[in-house]
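Numbering (the working numbering), first residue to last: 5 to 197. Note that CB positions come from ideal geometry on N, CA and C, so glycine has one too. Notes follow once the structure below has been shown.
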Ligand code: GRF
């Protein structure tokens with residue numbers, strides 16, 4: 005990734021909409037010596053997101069923007085990220101689609117985690133669609149974000165076997181465990197570490 009990894013860590017914001025279990029795993033990773041990133045900011049479009057509790061627990065600044073007016077929310081967001089010297093963004097269960105213009109401002113510096121083996125099952129309801137199609141495997145993918153949904157360059161993937169009688173809930177749970185390991189690994193890979 006095109007960011008200098010001198011002695012200070014890359015100031016990173018994590019965008020969430022819900023539980024924030026990936027956020028938690030990223031915060032834990034960021035506190036290890038080998039991590040090139042430090043989590044300095046949490047952004048949520050949902051004021052009730054459970055993951056916002058990690059802002060209190062780990063004393064990380066947060067910003068809630070409802071994205072009802074995407075243009076306006078993104079404008080505010082860009083200014084708050086700039087004021088906090090944020091250099092990189094990790095999307096982790098963030099349910100809003102960022103505009104081309106926003107993505108351009110952080111070109112090559114936004115990562116996302118998606119619960120499928122991309123390019124299969126872009127978008128929502130991935131687990132049920134994989135089960136319905138009788139896939140033998142699903143999994144998760146960390147990729148760079150570009151202007152097309154779930155289509156940026158893949159950094160790392162992890163396969164997960166779909167068992168007999170698998171439900172979308174059981175599959176989601178199994179994949180989430182792998183997501184928590186994959187995101188930190190993908191960050192290291194993105195920085196050639
Ligand atoms: C994860 O499965 C992620 O891949 C998807 O949304 C879920 C978020 O989970 N985009 P959490 O909020 O990190 O617990």
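query                                                                                                  : result
Residue 188 and residue 59 closer than 8 Å at C-beta                                                   : no
Per-residue DSSP class, three states only, for residue 185                                             : helix
Host beta strand (DSSP E) of residue 116 (start-end)                                                   : 114 to 118
Ordered list of alpha helix (DSSP H) runs contained in the stretch 7 to 73, each at least 4 residues   : 25 to 34 and 57 to 61
The stretch 140 to 152 / the stretch 73 to 92 touching (three or more Cβ pairs under 8 Å)              : no
Beta-carbon gap between residue 131 and residue 172 smaller than 8 Å                                   : yes
Residue burial classification, residue 89 (beta-carbon count within 10 angstroms, cutoff 16)           : exposed
Within 8 Å, strictly: CB atoms of residue 21 and residue 110                                           : no
Separation of residue 128 from residue 139, as counted between CA atoms                                : 17 Å
Cβ separation of residue 71 and residue 115, assumed to be a contact under 8 Å, to the nearest whole Å : Wrong, their Cβ atoms sit about 20 Å apart, outside the cutoff.
Where residue 123 falls, given that 16 or more other Cβ within 10 Å makes a residue buried             : exposed
Secondary structure of residue 103, DSSP reduced to three states                                       : coil
Under 8 Å between C-beta atoms of residue 175 and residue 135                                          : yes
Spatial distance of residue 64 from residue 31 (CA atoms)                                              : 10 Å
Residue 87 versus residue 108: straight-line alpha-carbon distance, rounded                            : 18 Å
beta-carbon residue 147 near the ligand GRF non-hydrogen atom, thresh 7 Å                              : no
The ligand GRF heavy atom lying under 7 Å from the CB of residue 94                                    : no
Residue 171 - DSSP class collapsed to helix/strand/coil                                                : coil
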